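Residue numbers (this note's numbering): 9 to 293. We treat Cβ as the ideally placed atom computed from N, Cα and C, and that holds for glycine. Since the model is a prediction, treat every value here as computed from it, not as a measurement. Single-structure report; data block below.
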């Protein structure tokens with residue numbers, strides 16, 4: 009007998025995730041997804057009986073389960089006592105939550121987002137979505153634009169391939185000398201992230217992927233008045249937004265791009281991560 013999978017809350021990624029699991033022939037119910045037309049909706053009591061519970065990405069916001077597609081609120085502290093020790097919970101960006109739930113409630117919560125294959129798969133729609141935003145935000149083509157990518161992680165690496173392919177004059181900043189060597193080897197100009205002062209005045213577009221302050225007031229002052237800055241990093245980000253506002257610089261915050269621009273692709277990455285976790289645990293799907 010197949011175990012039921014419950015998809016609880018989240019955005020359009022979770023709606024698409026529930027649909028993908030159904031397409032794979034699994035027994036799926038959803039809750040908290042009605043505004044996204046989540047498939048097989050069920051009352052919360054029924055959903056909480058499932059053997060495998062898939063929680064949102066991120067699991068919580070401000071102490072509540074992340075529920076952007078319903079008018080219902082559910083406090084996380086109200087949810088945990090209603091779950092059983094023999095259920096497997098999978099969620100995204102669980103951070104310190106997993107250990108506390110095991111200690112306080114005896115629950116097993118694993119992070120489907122904290123896997124390299126999932127992070128890479130999610131970087132693709134983030135990079136593509138950033139290009140879409142850049143095209144919409146400027147009155148020039150990406151071709152021949154002077155672009156700076158701050159950071160050479162997953163998203164930075166993808167942008168460093170995509171922007172030159174569109175004809176952009178691309179520079180990439182990094183901390184490690186090994187990364188700078190790879191940046192130069194791929195045909196981009198390499199800059200040290202710690203030494204960007206004096207280098208920022210030429211760029212039309214800046215893509216920040218570093219989640220700590222890089223573009224402070226003094227560095228923002230160097231940028232062109234019509235430069236567009238895209239903030240792609242997770243909170244707290246790398247841009248001083250107050251300073252940017254005071255200087256009249258345009259900064260576009262772009263959190264959660266995979267769920268906005270390519271929810272089905274983002275959901276497929278989560279589905280694959282769930283399958284990988286179950287395989288590694290030796291559990292049937």
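Cα-Cα separation, residue i to residue j
| i | j | result |
| --- | --- | --- |
| residue 112 | residue 188 | 46 Å |
| residue 88 | residue 281 | 23 Å |
| residue 146 | residue 234 | 9 Å |
| residue 23 | residue 74 | 13 Å |
| residue 255 | residue 21 | 36 Å |
| residue 143 | residue 92 | 48 Å |
| residue 81 | residue 42 | 13 Å |
| residue 85 | residue 72 | 8 Å |
| residue 275 | residue 44 | 14 Å |
Opening and closing residue of the alpha helix (DSSP H) in which residue i lies
| i | result |
| --- | --- |
| residue 74 | It is not in any alpha helix (DSSP H) - residue 74 carries neither H nor E in the DSSP assignment. |
| residue 180 | Not the alpha helix (DSSP H): residue 180 falls in the beta strand (DSSP E), residues 177 to 182. |
| residue 24 | 20 to 31 |
| residue 128 | 124 to 145 |
| residue 53 | 52 to 55 |
| residue 111 | 105 to 113 |
| residue 280 | 271 to 288 |
Helix, strand or coil at residue i [DSSP, three-state]
| i | result |
| --- | --- |
| residue 342 | Absent from the model: residue 342. The displayed extent of the chain is 9 to 293, so no value can be given. |
| residue 194 | coil |
| residue 205 | coil |
| residue 237 | strand |
| residue 258 | strand |
| residue 49 | strand |
| residue 293 | coil |
| residue 200 | strand |
| residue 225 | helix |
| residue 264 | coil |
| residue 65 | coil |
| residue 250 | helix |
| residue 119 | strand |
For residue i, the residue or residues it bridges with in DSSP
| i | result |
| --- | --- |
| residue 154 | 177 |
| residue 13 | 36, 60 |
Start and end residues, beta strand (DSSP E) containing residue i
| i | result |
| --- | --- |
| residue 99 | 96 to 99 |
| residue 41 | Looking at the DSSP string, residue 41 is not in any beta strand (DSSP E), and its letter there is neither H nor E. |
| residue 82 | Element bounds for residue 82: n/a, residue is neither H nor E. |
| residue 211 | Where residue 211 is concerned, there is no enclosing beta strand (DSSP E), given that its DSSP letter is neither H nor E. |
Inter-residue CB distance, residue i and residue j (contact presumed, cutoff 8 Å)
| i | j | result |
| --- | --- | --- |
| residue 66 | residue 100 | 6 Å |
| residue 300 | residue 62 | The structure shown does not extend to residue 300, since the chain spans only 9 to 293, so no value can be given for it. |
| residue 108 | residue 56 | Between residue 56 and residue 108 the Cβ distance is about 19 Å, and since that is not below 8 Å, they are no contact. |
| residue 335 | residue 228 | This structure gives no information on residue 335, because the portion of the chain shown stretches from 9 to 293. |
| residue 210 | residue 154 | 5 Å |
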